[in-house]
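> Structure below; questions to follow.
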Amino acid sequence: MQLIFERSKKGRKLSLFPACDVPAFELDAPKRADAPKLPEISENELDRHYTELAKHAQGLNDGFYPLGSCTMKHNPKINEQAAALDGFTQVHPLQAEAEVQGSLEVIKRATDTLCEITGMDNMTLQPAAGAHGEFTGLLLIKAYHEARGDKKRTKIIVPDSAHGTNPASAAMAGYDVVSVESNEDGCVDLDKLRAVVGEDTAGLMLTNPNTVGIFDKNILEITNIIHEAGGLCYYDGANLNAVMGYVRPGDMGFDVIHLNLHKTFSTPHGGGGPGSGPCGCKEFLAPYLPGMTVVENNGVYSFTKAEHSIGDMKAFYGNFLVIVRALTYLLTVGKEGIPAASRNAVLNANYMKAKLEDIYPMAYDTTCMHEFVMSLEGMKHDIDVSALDVAKALLDRGIHPPTMYFPLIVHEALMVEPTETECKETLDHAIDAFRSTYEDAKANPERMHMMPMETPVKRLDEVRAARTPVVKFSFED
Amino acid sequence: MGSYIPNTEAEQLQMLKEAGFESFEDMLSVIPAEVKLGRELNIPEGKSELEVSREMKKIAAKNKIYDTVFRGAGAYKHYVPAIVNTIANKEEFLTAYTPYQAEISQGILQSIFEYQTMICELTGMDVANASVYDGATAAAEACAMCQERKRHTVYVSETVNPYTLSVIKTYCFGSNVDVKVVPACKCCGRTNTEKLAEMLDSESACFVVQHPNYYGILEDIETIEKTVHEAGAKLVMSCNPVTLGTLKTPAEYGADVAVGDGQPFGLGLAFGGPYLGYMATTSKMMRKIPGRIVGETVDTQGERGFVLTLQAREQHIRREKASSNICSNQALCALTASVYLAAVGPDGLKEVADQCVAKAHYLASKLTEAGLSLKYDKPFFNEFVTECKCADAVIDACAKEGILAGLKLSDTEILWCATELNTACEIEKVAAIVKEVC
Chain V
1 MQLIFERSKK
11 GRKLSLFPAC
21 DVPAFELDAP
31 KRADAPKLPE
41 ISENELDRHY
51 TELAKHAQGL
61 NDGFYPLGSC
71 TMKHNPKINE
81 QAAALDGFTQ
91 VHPLQAEAEV
101 QGSLEVIKRA
111 TDTLCEITGM
121 DNMTLQPAAG
131 AHGEFTGLLL
141 IKAYHEARGD
151 KKRTKIIVPD
161 SAHGTNPASA
171 AMAGYDVVSV
181 ESNEDGCVDL
191 DKLRAVVGED
201 TAGLMLTNPN
211 TVGIFDKNIL
221 EITNIIHEAG
231 GLCYYDGANL
241 NAVMGYVRPG
251 DMGFDVIHLN
261 LHKTFSTPHG
271 GGGPGSGPCG
281 CKEFLAPYLP
291 GMTVVENNGV
301 YSFTKAEHSI
311 GDMKAFYGNF
321 LVIVRALTYL
331 LTVGKEGIPA
341 ASRNAVLNAN
351 YMKAKLEDIY
361 PMAYDTTCMH
371 EFVMSLEGMK
381 HDIDVSALDV
391 AKALLDRGIH
401 PPTMYFPLIV
411 HEALMVEPTE
421 TECKETLDHA
431 IDAFRSTYED
441 AKANPERMHM
451 MPMETPVKRL
461 DEVRAARTPV
471 VKFSFED
Chain E
1001 MGSYIPNTEA
1011 EQLQMLKEAG
1021 FESFEDMLSV
1031 IPAEVKLGRE
1041 LNIPEGKSEL
1051 EVSREMKKIA
1061 AKNKIYDTVF
1071 RGAGAYKHYV
1081 PAIVNTIANK
1091 EEFLTAYTPY
1101 QAEISQGILQ
1111 SIFEYQTMIC
1121 ELTGMDVANA
1131 SVYDGATAAA
1141 EACAMCQERK
1151 RHTVYVSETV
1161 NPYTLSVIKT
1171 YCFGSNVDVK
1181 VVPACKCCGR
1191 TNTEKLAEML
1201 DSESACFVVQ
1211 HPNYYGILED
1221 IETIEKTVHE
1231 AGAKLVMSCN
1241 PVTLGTLKTP
1251 AEYGADVAVG
1261 DGQPFGLGLA
1271 FGGPYLGYMA
1281 TTSKMMRKIP
1291 GRIVGETVDT
1301 QGERGFVLTL
1311 QAREQHIRRE
1321 KASSNICSNQ
1331 ALCALTASVY
1341 LAAVGPDGLK
1351 EVADQCVAKA
1361 HYLASKLTEA
1371 GLSLKYDKPF
1381 FNEFVTECKC
1391 ADAVIDACAK
1401 EGILAGLKLS
1411 DTEILWCATE
1421 LNTACEIEKV
1431 AAIVKEVC
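Chains as they are written, first to last, in our numbering: chain V, 1 to 477; chain E, 1001 to 1438.
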C-alpha cells in the first residue's frame, strides 16, 4: 500500500475555506522556516486512501474477535447514534452548568448505574482508559494513607498473573511492587499472601475472576488479610463482564475499582482508543476523588469538587462521548440485561472450552468464567509448534487470534474470550477452525512456522523494526 | 428489554448441556454463595432501541448549543471538513482493537505511522508516539520522561492551562516529584524569565511552557530555551498544533519534548473529550517516550510492513519498570487528526492559522472600540484577555443573543478566542452587544 505521502502531489487540495473576511494581520513572532510536509491530495484520493487502509484493518464487523481480557463484544449502533447527537458533540466543556444539564445528567446517571453494578459509593469518570483508572485508584489509596499520617505503607501487592498495567500503575503512584506467586489453580496463594503483607502494605491489586479466567473462591479471605494489615483492596475491572449482576466488587471487600467502558460496557476500541476507565470507591475514599463529580438536587445537576481531591487526571471530565455510549448501553440492557450478558459470556466461554479441551490442554482444569487459557506447552515441546504459530494460522481462517502469551504464568498461553454477543454458529465455526489448525499442525508442523499465507503481508520482522527504528516517513527523495 | 445476546433460550440450554452443566445456576456455582448479590440490581429495566433513542435525544436537547463561539481555553471550535467524520466513522477503524496482530492490521498500523510522521512534520521533532489521552496528560508524561538520576524537580510556568498544571501536579504526587510554579509577569502575561533563571538549579528536571500560553500570548521561548538548557534541564513545549502551521516549531526553538492537544484537528468540542494528546521528542530521547510507536519493517517476502515497535519501554514487557502505564490511547482521535491534516494540507493549515490570527485581532480591535481594554500588550495568537467592569454582564448579554462569549477568568477579565469559523459579521455583532453593556 502506498503511504499517503506517496500519493501526495504538489498543488492538489480540497477547497475548504472562504477568503478571509477581515483584514489580514501580520503577527510579530518567529515563523517556521519551511511549511510542514503534509499531504497534498484531492478528496477523492484521500477517500480511497483510507478506504484501502480500512480494508487492511480487522474490525469487530469483520469477524469473530476472541481476544482474551479485551472483551471484544458487539458495539451497538444506537450508541454511536447517541454519541453523534449535536447536543453532545457541540457543547463546550466550559459552558455554564445551567447550559449543559444534559451532559451533567449523562455523567450522573452513568455514575449512579455503575456504582450500583459495582457496589461502590462514588465514582470519577475522568480517567481516559483502564490503566488511567488504575493510576487514579492507587492515588486515592496513597492520599488516604497520607491523610492519616501513615507514611510507612510503601508497597502494593500484585499477583504474578496480573496485567502489566497493574505493576506499572503502582510504580507511577510511587509504590514498590511486591509480586505474589499464584498457586497451582492460578489463584492467590493465601500462605504466600500472608507472608508478604505487613505494615508496609498500602494495598493489593486484583481482578476476580482472575487473569486465567477463574473465580477466586477465597476472595473474602484475601481482602480480609489485606484489610487486617491496614491495606486497601483495589479491583481491576478488566474482567467484570463475567460477573455483572451476580457479584459486586464492593461486596467482595474491595475499596476502590476501575472499569473499562470500552470492554464491559460495549463502547468501541477505536484501534487502540479512546477508552474510558471510571474509578469507583467506597465512601471513605470519595473525599480524594479527582476532577468534578456531579450531584443532583431537585432535578438540577451541578458539579462538585471533592474536599481533599487529588487534583485532575486529565483535562475536563473524561472521554465524555465514550460515557454517552456506555450510558446508552446501560439504558438498553437494564437490570435484566446486565446479568444476562454476564451469564452468556460465561456460557459461551465454557461451551468453547468444552469443545476444545480434548486436544488443546487447558491451563487449569475447572469451570472457567468469561474466558479460558490454553497452554500449548506440550505442542511446543512435542512438535515445535508454538502459541504464536497457532495464532498466525488462525489468521488464515479469518479468525482474530486469541490473546497470546498472557498471562505470563502460563507457558505458550492462548487466552480465549468469546463474549456474550457471539452466536452459537460463530462459536462452532471457530471451534472447527481451532480443531483443523490442530490437525494441520500435527500433520505438517514445519509449515506452521510460515503461517499466515493468506494475509496482505506475511510475518513481519519485529527485531529489525526495533533495532533500526524507522518511525516516520523519510521525505529524502 | 434490549439485548445483544443472539442465542435463544433453547440454544442456551443446549449449550449449557453440551458444556456439562444442568443450568446457569449449576455453571455459576463456582461463585461462593456468600459473595453473591442475591437480588436484582437496583437500576431501571432495559428498554427498546426506539425508547433509548428518544431518551438520549431528550437528554442531549437539555444542552444549549451555540452557533457562534468565542470561547477556547483548551477546547476549540474549528471547521471540520466533511470527509473527516466519514472516514473516522468507518467500522473497521472504529471497532478494531489495538493492532497486536500486525498481519491483519496493516491499515491501522500504517495510519498511525502516517500520524507519527505528520506530528514530526508539525513539531519538527524526530519521533512521535501513537498518542496519549490529551494535551494535559501529554505534558505530565513529558515531565516523567525528563526525570534523571539527580534531576527530579519539575518547573511549570504559571501561564499554562490550569488543567495542564493540575494534571502535572497530580501525576507528580504519584511519583513523589516536586512541582514548582514559575510565576507570570503580571503586566505582560508571559513567564517571568528572570524568576525562571533564579529558580532553576542542579536538581531541575524540566520546565514546561505553553506557547501561545493560556492567555493566548506568545512566550519568549528563545530566552526560556537558553535559560533552561544553561541550567541543564529539559524544555517541554506545549503548543496548540494549529499554530504550528505558521509559527517557529518546538524543534527550531530547541525543545526536548513537544506536546499538546490535537483537538483542533477535526475533533469536536464534545464537552471535553475524547481529545488527543500528541507527544514528540528528539531521537536522543526516543527510548524514553511513553506509549505505542509504530515502526516500518519488512515481511518474510521483503514487502514493506508496519509493526508496534520499541515495546521494551512498555508496561506489558517491563511491568513496574515501564516508562509509563499507558495501554489504551486515543488511536481513533489520532486517525481523525491525520485525516484532517491530509484534507487541509500545508496550505490549508496555514490558512486556518492565518485566519485565526486575523479574526482574533479583528475581534480584539472591535471589542476595544466597544469599551473593553486589552489586559496585556504582548503579541497573541488567537486568544486574548480583556478587562471591563463586569464580565458577567458581557457574557450574559452575549448568551441572550446566542453567542458564547469568552471565558470569565475573574469578575473583570474575559479570555476570548476566535477561529476561522467566526465571521466578520459575528465579530461586529458581539462588539455591538458589548458596547451596549459597557
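In this text, a Cβ means the ideal position worked out from N, Cα and C, and glycines have one as well.
Do T1159 of chain E and Y1215 of chain E count as a contact pair if the criterion is CB distance below 8 Å?
Working through the second sequence from its first residue, we reach residue 1215 of chain E at position 215. Working through the second sequence from its first residue, we reach residue 1159 of chain E at position 159. Contact: yes.
> Nearest by alpha-carbon distance to A1343 of chain E: which of E:A1088, E:A1060, E:K1058 is it?
Within the second sequence, the letter at position 343 stands for residue 1343 of chain E. Residue E:A1088 is the option with its Cα nearest to A1343 of chain E.
> Is the CB of V180 of chain V under 8 Å away from at least one CB in chain E?
On the first sequence, position 180 is the one that residue 180 of chain V refers to. No, no contact with chain E.
> 8 Å is my cut-off, CB to CB: does M1285 of chain E come that close to chain V?
Translated into positions along the second sequence, residue 1285 of chain E becomes position 285. Taking Cβ atoms only, chain V never reaches closer than 8 Å to M1285 of chain E, which makes this a no.
> Only counting the same chain, and skipping five residues up and downstream in sequence, which positions put a Cβ closer than 7 Å to that of R1287 of chain E?
For the purposes of this step, residue 1287 of chain E is identified with residue 287 of the second sequence, where counting begins at 1. Listed in chain order, the non-local C-beta contacts of R1287 of chain E below 7 Å within the same chain comprise L1310, R1313, local neighbours out to five positions each way being set aside.
> Take E97 of chain V and list the residues in its own chain whose beta-carbon comes closer than 8 Å to its own, dropping the five residues that flank it on each side.
Locating residue 97 of chain V in the first sequence gives position 97, counting from the first residue. Once the five neighbours on either side are set aside, the close Cβ partners of E97 of chain V are L104, Y301, S302, F303.
> Please list the partners that E446 of chain V has in chain E, where partner means a Cβ-to-Cβ separation under 7 Å.
If you number the first sequence from 1, residue 446 of chain V lands on position 446. The contacting residues do not exist; E446 of chain V stays about 14 Å from chain E at best.
> With burial defined as no fewer than 16 other Cβ atoms inside 10 Å of the residue's Cβ, what is the status of I1317 of chain E: buried or exposed?
The count along the second sequence starts at 1 and reaches residue 1317 of chain E at position 317. When all chains shown are included, I1317 of chain E counts as exposed.
> Would the beta-carbon of A1139 of chain E fall within 8 Å of that of V1208 of chain E?
On the second sequence, residue 1139 of chain E is found 139 positions in, with the first residue counted as 1. On the second sequence, residue 1208 of chain E is found 208 positions in, with the first residue counted as 1. Yes; because the gap between Cβ atoms is below 8 Å, this pair is in contact.
> Pull up the CB-CB distance for P278 of chain V and G133 of chain V, whole angstroms please, since I reckon it's below 8 Å.
Sequence index remark: in the first sequence, residue 278 of chain V carries index 278 (1-based). Sequence index remark: in the first sequence, residue 133 of chain V carries index 133 (1-based). Yes, they are in contact, since the Cβ atoms of P278 of chain V and G133 of chain V sit about 6 Å apart, within 8 Å.
> Rounded to whole angstroms, what's the CA-CA distance from G230 of chain V to A162 of chain V? Just pull it up for me.
Sequence index remark: in the first sequence, residue 230 of chain V carries index 230 (1-based). Sequence index remark: in the first sequence, residue 162 of chain V carries index 162 (1-based). Approximately 22 Å between the Cα atoms of the pair.
> Can you tell me which of the three DSSP states I1217 of chain E falls into?
Along the second sequence, one-based indexing puts residue 1217 of chain E at 217. I1217 of chain E: strand per DSSP, three-state reduction.
> If contact means a Cβ-Cβ distance below 9 Å, which residues of the region 1423-1434 of chain E contact chain C?
As a matter of chain content, chain C is missing from the structure shown, whose protein chains are V and E.
> Check distances from the C-beta atoms of the region 1166-1181 of chain E to those of chain V and list, in chain order, the residues that come in under 7 Å.
S1166, V1167, K1169, T1170, F1173, G1174, S1175, N1176
> According to DSSP, simplified to helix, strand and coil, what is V180 of chain V?
As a first step, residue 180 of chain V must be located in the first sequence, where it is residue number 180. It is a strand residue.
> Nearest by alpha-carbon distance to I1293 of chain E: which of E:E1303, E:Q1301, E:T1281 is it?
Residue mapping note: residue 1293 of chain E aligns to position 293 of the second sequence, counting from 1. Nearest option by C-alpha distance: E:T1281.
> For G1124 of chain E, which of helix, strand or coil comes out of DSSP?
Here the question's residue 1124 of chain E lines up with position 124 in the second sequence. In this structure, G1124 of chain E counts as coil in the three-state DSSP scheme.
> Excluding five sequence neighbours on each side, which residues of the same chain lie with their C-beta closer than 6 Å to the C-beta of K355 of chain V?
Numbered from its first residue, the first sequence carries residue 355 of chain V at position 355. Hits under 6 Å: I431.
> Indicate the three-state DSSP secondary structure (helix, strand or coil) for I226 of chain V in the structure shown.
Taking the first sequence and counting its residues from 1, the one referred to as residue 226 of chain V is at position 226. I226 of chain V falls in the helix class under three-state DSSP.
> Alpha helix (DSSP H) containing F1207 of chain E: first to last residue?
Taking the second sequence and counting its residues from 1, the one referred to as residue 1207 of chain E is at position 207. Note, F1207 of chain E: premise wrong, no alpha helix (DSSP H); beta strand (DSSP E) at 1204-1210.
> Beta-carbon of D1201 of chain E versus every beta-carbon of chain V: anything under 8 Å?
Translated into positions along the second sequence, residue 1201 of chain E becomes position 201. With 8 Å as the cut-off, D1201 of chain E does not count as an interface residue toward chain V.
> Does DSSP put H258 of chain V in a helix, in a strand, or in coil?
Within the first sequence, the letter at position 258 stands for residue 258 of chain V. Looking at H258 of chain V - three-state DSSP - the assignment turns out to be strand.
> Hey, out of E:A1197, E:E1141, E:F1173, E:P1212, whose CA is closest to E1230 of chain E's CA?
Stepping through the second sequence from its first residue, residue 1230 of chain E is reached at position 230. It is E:A1197.
> Throw me the rounded Cβ distance for the K472 of chain V and T1117 of chain E pair, which I believe falls under 8 Å.
For the purposes of this step, residue 472 of chain V is identified with residue 472 of the first sequence, where counting begins at 1. For the purposes of this step, residue 1117 of chain E is identified with residue 117 of the second sequence, where counting begins at 1. Going by Cβ atoms, the distance from K472 of chain V to T1117 of chain E rounds to 4 Å, so yes, they are a contact pair.
> Can you name the residues of chain V whose CB is closer than 8 Å to the CB of R1292 of chain E?
What you label residue 1292 of chain E is simply residue 292 of the second sequence in a count that begins at 1. Per Cβ cutoff of 8 Å: G272.
> What residues are listed by DSSP as bridge partners for E462 of chain V?
To locate residue 462 of chain V, count along the first sequence from 1; it is residue 462. BP columns for E462 of chain V are empty, so no partner.
> As an exercise, report each continuous alpha helix (DSSP H) stretch of at least 4 residues that is fully enclosed by the region 1305-1348 of chain E, in chain order.
1315-1318
> Considering Cα atoms alone, identify which of E:T1223, E:A1205, E:Y1278 is closest to S1238 of chain E.
Here residue 1238 of chain E is taken as the residue at index 238 of the second sequence, counted from 1. Considering only E:T1223, E:A1205, E:Y1278, the residue with the shortest C-alpha distance to S1238 of chain E is E:Y1278.
> Where does P66 of chain V land, buried or exposed, given buried means 16+ other C-beta within 10 angstroms?
In the first sequence, counting from the first residue as 1, residue 66 of chain V sits at position 66. Classification of P66 of chain V: buried, given that the 10 Å Cβ count is 16 or more.
> Could you say which of V:D21, V:L38, V:R464 lies nearest to G1245 of chain E if we only look at CA atoms?
Position 245 of the second sequence, counting from 1, holds the residue named residue 1245 of chain E. Of the residues V:D21, V:L38, V:R464, the one whose Cα lies closest to the Cα of G1245 of chain E is V:L38.
> Taking only three categories from DSSP, how would you classify D1261 of chain E?
If you number the second sequence from 1, residue 1261 of chain E lands on position 261. Of the three classes helix, strand and coil, the one that applies to D1261 of chain E here is strand, per DSSP.
> Nearest by alpha-carbon distance to A345 of chain V: which of V:E420, V:E439, V:L206 is it?
What you label residue 345 of chain V is simply residue 345 of the first sequence in a count that begins at 1. That would be V:E420, whose Cα lies nearest to the Cα of A345 of chain V.
> Do you know whose CA, among V:T332, V:M379, V:G270, lies nearest A1334 of chain E's CA?
On the second sequence, residue 1334 of chain E is found 334 positions in, with the first residue counted as 1. V:G270 is the residue among V:T332, V:M379, V:G270 whose C-alpha sits nearest the C-alpha of A1334 of chain E.
> Nearest to L85 of chain V by CA position, among V:V324, V:V196, V:Y246, V:A466, is which residue?
The residue you call residue 85 of chain V lines up with position 85 of the first sequence. Answer by Cα proximity: V:V324.
> With 8 Å set as the bound, which would you pick, yes or no: does the beta-carbon of K9 of chain V sit closer than that to a beta-carbon of chain E?
On the first sequence, residue 9 of chain V is found 9 positions in, with the first residue counted as 1. Not closer than 8 Å to any Cβ of chain E, the Cβ of K9 of chain V fails to qualify, so no.
> G1189 of chain E and F17 of chain V: beta carbons closer than 8 Å?
As a position in the second sequence, residue 1189 of chain E is number 189, starting the count at 1. As a position in the first sequence, residue 17 of chain V is number 17, starting the count at 1. Result no, Cβ atoms of G1189 of chain E and F17 of chain V do not sit closer than 8 Å.
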